[in-house]
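Participant: Here it is, the structure, as structure tokens.
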Amino acid sequence: LIARGVGRGTTVTLLTGNTPEALTARYAATLAGARVVSLYDGMSVPVLAEIVASVDTTVLLVDAERFDAAAELLPLIDVPTVLTLGPGPESIGADVIAASAHRPAEPPAVRLGPDDDLGIRHTGGTTGIPKGILGLHGPYRTIFDVAFFAGAPGEPPRFLAATALAHLAGIMADLALYHGGLVVLQRTFEPGEVLAAIERERITDLWVLPPLLHRLLDHPAISRTDVSSLRKILYGGSASSPTRVREALKVFGPVLIGVYGMSEAQLISALPSEEHDRIGHGGQVSVGRPADGVEVEIRDVDGTVLPTGEQGEVHVRSASLMAGYWKQPDLTAQVLQDGWLNTGDVGYFDEDGYLYLADRAKDLIIVVGGHVYPSEVEDLLVSHPAIAQCAVFGVRDAQQAEHVHVAVVPAPGQRPELDEIQAFVTARKGRIYAPEVLHLVDEIPLTAVGKPDKKRLRQSVAG
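For the sequence shown, this note's numbering puts the final residue at 464, and the numbers step up evenly by one.
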């Protein structure tokens, strides 16, 4: 890579899947001093092309799982060097692994400091150009000292990467290897294969988003799978109902750790397994107390710090914050002020210092008569026996008035009706929270980072 011009201030972009070559290439690029960008699955080729151009890509690395995508992408981009991770079509590029066989094995003498660029992570949008989040070496290093990420003394972690290395699974892989463990890679998340790998490989650590945790719980193999090796299942990224969390604790044992974080701030708070009885007034499970070294304030829209129990915007200050949004100083200035990050989330603290999230501020549905936070309605609906999964979202009509819609994956053998759901919600939360439109679906679409894709749901409604 260095021979191809890679060094401090350059960008290596990865069009790769969950492969050993992809992980090795990321470490090689970092050792060479480059900032690294990993492209997510699920983004359209034009969006990928925009990202490749916007981050000033010096070298694009493609693994065997992405040759077809590369063939579509290459005509749209102008990159100095494109290389393959293993044998591939000459039309894509030379095989960098074959070339490296003739290079010295000693790491290059590149000195990097805490203020050097580490990489750019992108938000998981499906249309438009996702924001690039610039991270530095120093802030990233802070997460390696978090106690619960380490394995038990004498027992190195065995992490199963069943979600994209481009997202949090990549961080978890780094942590496992840093603590002397190993990483088992799966190409895609298939619940039966995940359960089989846990038993076969004696997996100790797993990261899942709540929708994926639910898929594990609902898989018929769960009752006959030996999951006794698991020491921690980290989950987060979207809301999970207390009902499903209790079910997971019963099935997997006291190994669940709820985490709240984001690419802009890394880890913000964590909820240990034994504290999952903390349920907020909206029915949501707490996201725990702020992590060591992290300050959290709940503020009103005018910046006033709010007292315990009052909902407001979640602001965070720590040594782990992003440097800013790539090439977007105005947007950076909107969310980073005086060392504090406005997360865009809405939440509150209870009297014991536990944090609860109501929702993303941008997902708030403003209806006649009040405000509806989708996650509160979702937490309630998944306790209904006829509902396996759901996503609540707002849709505007011709007069720009918002209406509450819900996409529902029915429980096996069930077919919930709209009036049934409305009565259920109205009785427990009030009439304004009751969905006006029901969409029965086979599955909830997910974004490139595995969160419910409400943008796509709105588009499907619009036709």
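Note that CB positions come from ideal geometry on N, CA and C, so glycine has one too.
Fair warning: this is a prediction, and the values are worked out from it, not measured in the lab.
Going by alpha carbons, who is nearest to Leu113 out of Arg159, Gly10, Thr427 and Gly155?
Facilitator: The option with the nearest alpha carbon to Leu113 is Gly10.
Participant: Of the choices Arg27, Ile78 and Ser321, whose alpha-carbon is the least far from that of Ile1?
Facilitator: In the structure as shown, the chain starts at 2 and stops at 464, and residue 1 therefore has no counterpart that could be examined.
Participant: Beta carbon of Lys455, beta carbon of Leu210: below 8 angstroms?
Facilitator: Not closer than 8 angstroms, so no.
Participant: Given a threshold of 16 other Cβ atoms within 10 Å of its Cβ, counted over all protein chains shown, does His168 qualify as buried or as exposed?
Facilitator: Buried, because 16 or more other Cβ atoms sit within 10 Å of the Cβ of His168.
Participant: Can you tell me whether Leu217 is helix, strand or coil according to DSSP?
Facilitator: The answer is helix: DSSP assigns Leu217 an H, G or I state.
Participant: Over the uninterrupted alpha helix (DSSP H) stretch that includes Asp420, give me the two end residues.
Facilitator: Residues Leu419 to Arg429.
Participant: From Ala174 to Asn343, what distance separates their C-alpha atoms?
Facilitator: Roughly 28 angstroms separates the two Cα atoms.
Participant: Given 8 angstroms as the limit, is there contact between the segment 89-104 and the segment 34-44, that is, 3 or more CB pairs closer than that?
Facilitator: No, the segment 89-104 is not in contact with the segment 34-44.
Participant: Assuming Pro158 contacts His180 under a Cβ cut-off of 8 angstroms, what Cβ separation, rounded to an integer in Å, is found between them?
Facilitator: Right, the Cβ-Cβ distance comes to about 6 angstroms (below 8 angstroms), so this counts as a contact.
Participant: Taking Asp64 and Thr14 to be in contact with their CB atoms under 8 angstroms, please state how far apart those CB atoms are, rounded to whole angstroms.
Facilitator: Asp64 to Thr14, Cβ: 12 angstroms. No contact.
Participant: Alpha carbon to alpha carbon, how far is Ala26 from Asp301? Give it in angstroms, no decimals.
Facilitator: In a straight line, the C-alpha of Asp301 is about 44 angstroms away from that of Ala26.
Participant: Using only alpha-carbon positions, find the residue among Val60, Met323 and Ser270 that is nearest to Pro140.
Facilitator: Cα-wise, what sits closest to Pro140 is Met323.
Participant: Following the continuous beta strand (DSSP E) through Ser270, name the residue where it begins and the one where it ends.
Facilitator: Element bounds for Ser270: Gln267 to Leu272.
Participant: Under 8 angstroms, with one C-beta from each stretch per pair, do the segment 303-312 and the segment 324-337 reach the 3-pair mark?
Facilitator: Taking 8 angstroms as the limit for Cβ pairs, the verdict is that the segment 324-337 does not touch the segment 303-312.
Participant: Would you say the segment 419-435 touches the segment 181-197, given that touching needs at least three Cβ pairs under 8 angstroms?
Facilitator: Result no; under three Cβ-Cβ pairs closer than 8 angstroms.
Participant: Would you say the segment 384-396 touches the segment 417-427, given that touching needs at least three Cβ pairs under 8 angstroms?
Facilitator: Segments in contact, yes.
Participant: Thr25 by DSSP, collapsed to three states: which one?
Facilitator: Helix.
Participant: Tell me which same chain residues have a C-beta within less than 6 angstroms of the C-beta of Ala222, skipping the five on either side of it?
Facilitator: Within the same chain, Ala222 has close Cβ partners Gly193 and Leu196.
Participant: Quick one: give me the first and last residue of the beta strand (DSSP E) that Tyr236 is part of.
Facilitator: Here the beta strand (DSSP E) through Tyr236 covers Lys233 to Tyr236.
Participant: Does Leu322 come out as helix, strand or coil in the three-state DSSP assignment?
Facilitator: Leu322 falls in the coil class under three-state DSSP.
Participant: Using three-state DSSP, classify Phe1 as helix, strand or coil.
Facilitator: Residue 1 lies beyond the residue range present for the chain, which begins at 2 and ends at 464; the question has no answer from this structure.
Participant: Take Ala30 as the anchor and find which of Leu137, Ile3, Val405 and Leu382 has the nearest alpha-carbon.
Facilitator: Checking every option, the nearest Cα to that of Ala30 belongs to Ile3.
Participant: Which same chain residues end up closer than 6 angstroms to Asp206 when comparing Cβ atoms and leaving out the 5 residues on each side of it in sequence?
Facilitator: Cβ neighbours of Asp206 beyond the five flanking positions: Pro158, Phe160 and Lys233.
Participant: Pull up the distance between the alpha-carbon of Pro273 and that of Ile299, whole angstroms please.
Facilitator: About 22 angstroms.
Participant: Candidates His103, Ala23, Val7 and Pro88: which alpha carbon is nearest Asp57's?
Facilitator: For the residues His103, Ala23, Val7 and Pro88, the minimum Cα distance to Asp57 belongs to Val7.
Participant: Quick one, are the C-beta atoms of Asp364 and Tyr357 less than 8 angstroms apart?
Facilitator: Cβ atoms of Asp364 and Tyr357: not closer than 8 angstroms.
Participant: Helix, strand or coil for Ser461 per DSSP?
Facilitator: In the structure shown, Ser461 sits in a helix (DSSP, three-state: H, G or I).
Participant: Please classify Ser39: does DSSP put it in a helix, a strand, or coil?
Facilitator: The answer is strand: DSSP assigns Ser39 an E or B state.
Participant: Measure the CB-CB distance between Pro436 and His406 and report whether it falls below 8 angstroms.
Facilitator: Result yes, Cβ atoms of Pro436 and His406 sit closer than 8 angstroms.
Participant: In whole angstroms, what is the alpha-carbon distance linking Gly259 and Leu235?
Facilitator: So the alpha carbons of these two residues sit roughly 6 angstroms apart.
Participant: In the DSSP assignment, find the beta strand (DSSP E) that holds His406 and state where it starts and stops.
Facilitator: Glu403 to Pro411 is the span of the beta strand (DSSP E), which, as asked, contains His406.
Participant: Which stretch, first to last residue, makes up the alpha helix (DSSP H) that contains Gln335?
Facilitator: From DSSP, the alpha helix (DSSP H) with Gln335 extends over Pro330 to Val336.
Participant: Short check: CB of Glu200 to CB of Thr226, under 8 angstroms?
Facilitator: Yes, the Cβ-Cβ distance between Glu200 and Thr226 is below 8 angstroms.
Participant: Taking buried to mean at least 16 other C-beta atoms within 10 Å of its own C-beta, is Ala170 buried or exposed?
Facilitator: Classification for Ala170: buried.
Participant: In chain order, what residues of the same chain have a beta carbon less than 6 angstroms from the beta carbon of Val315, not counting five sequence neighbours either side?
Facilitator: Here the set comprises Thr344, Asp346 and Gly348.
Participant: So, using beta-carbon positions, are Leu61 and Val83 closer together than 8 angstroms?
Facilitator: Contact flag set, yes.
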